[in-house]
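In this note's numbering, the protein residues as written are 1 to 173.
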């Protein structure tokens with residue numbers, strides 16, 4: 001009888017603790033928040049325009065280098081070896097500089113993208129902390145770390161609405 005009492009008390013304690021913890025853990029899809037919030041969409045549009053503009057400039061420069069290369073190849077038999085070698089070295093230097101420019105442009109774009117993500121997450125954290133305090137929530141985790149959960153514990157849409165009210169845009173310049 002004594003063991004039965006201890007077992008029942010232990011079982012009640014375990015069930016009460018587990019149910020109280022389970023009801024206090026919610027999840028959000030951070031990726032969806034960053035992609036679908038007003039500020040997130042604005043940042044994506046800005047970055048896409050910047051990428052497209054820079055990409056067009058680089059494509060024009062690449063086409064000019066290709067044309068210069070084909071012109072040099074066609075003139076190979078018409079010019080002296082020294083002049084050909086000098087033109088070839090010049091073309092190689094231009095090509096190396098172009099590759100450096102392309103790499104630098106790509107790195108700058110990735111840097112801007114990461115900066116935008118950092119700013120959005122920085123603005124998102126206070127919103128979620130405030131929501132947690134107001135609704136007495138113990139924990140919010142990212143949906144990508146959730147294996148299985150009831151959709152009632154998904155706060156993504158609520159957080160997006162709040163974020164849209166509090167953050168209309170972010171400065172990326």
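C-beta: ideal position from N, C-alpha, C; glycine also.
Considering only C-alpha positions, which residue in the set the options is nearest to residue i?
i: residue 25; options: 92, 74, 153; result: 153
i: residue 47; options: 110, 89, 31, 85; result: 110
i: residue 170; options: 29, 150, 40, 129; result: 40
i: residue 31; options: 173, 148, 118; result: 118
i: residue 107; options: 50, 148, 161; result: 50
i: residue 36; options: 166, 161, 173; result: 161
i: residue 54; options: 98, 168, 125, 91; result: 98
i: residue 69; options: 52, 92, 82; result: 92
i: residue 163; options: 130, 143, 57, 45; result: 130
Identify every residue that forms a DSSP beta bridge with residue i.
i: residue 26; result: 140
i: residue 154; result: 27
Measuring only from the beta carbon, is residue i closer than 6 Å to any heavy atom that is part of the ligand ADP?
i: residue 149; result: Within the structure as shown, the ligand ADP is missing, as the structure has no ligands at all.
Can you say whether residue i is buried or exposed, counting buried as having 16 or more other CB atoms within 10 angstroms of its CB?
i: residue 29; result: buried
i: residue 159; result: buried
i: residue 148; result: exposed
Looking only at its own chain, which residues have a Cβ that is under 7 Å from the Cβ of residue i, when we skip the five neighbours before and after it?
i: residue 140; result: 26, 27, 28, 128, 132, 155
Sorted by chain position, which residues of the same chain lie with C-beta nearer than 8 Å to residue i's C-beta, five sequence neighbours on each side aside?
i: residue 89; result: none
i: residue 84; result: 72, 75, 76
i: residue 121; result: 30, 34
i: residue 94; result: 65, 68
Spatial neighbours of residue i within its chain, please: CB distance less than 6 Å, with the 5 preceding and 5 following residues excluded, ordered by chain position.
i: residue 167; result: 39, 123
Taking 7 Å as the threshold (beta carbon to beta carbon), is residue i in contact with chain B?
i: residue 55; result: Here chain B cannot be found, since the structure has a single protein chain.
query = Do the segment 92-110 and the segment 55-74 meet, that is, are 3 or more Cβ pairs less than 8 Å apart?
reply = In short, these stretches touch, since the Cβ pair count reaches three.
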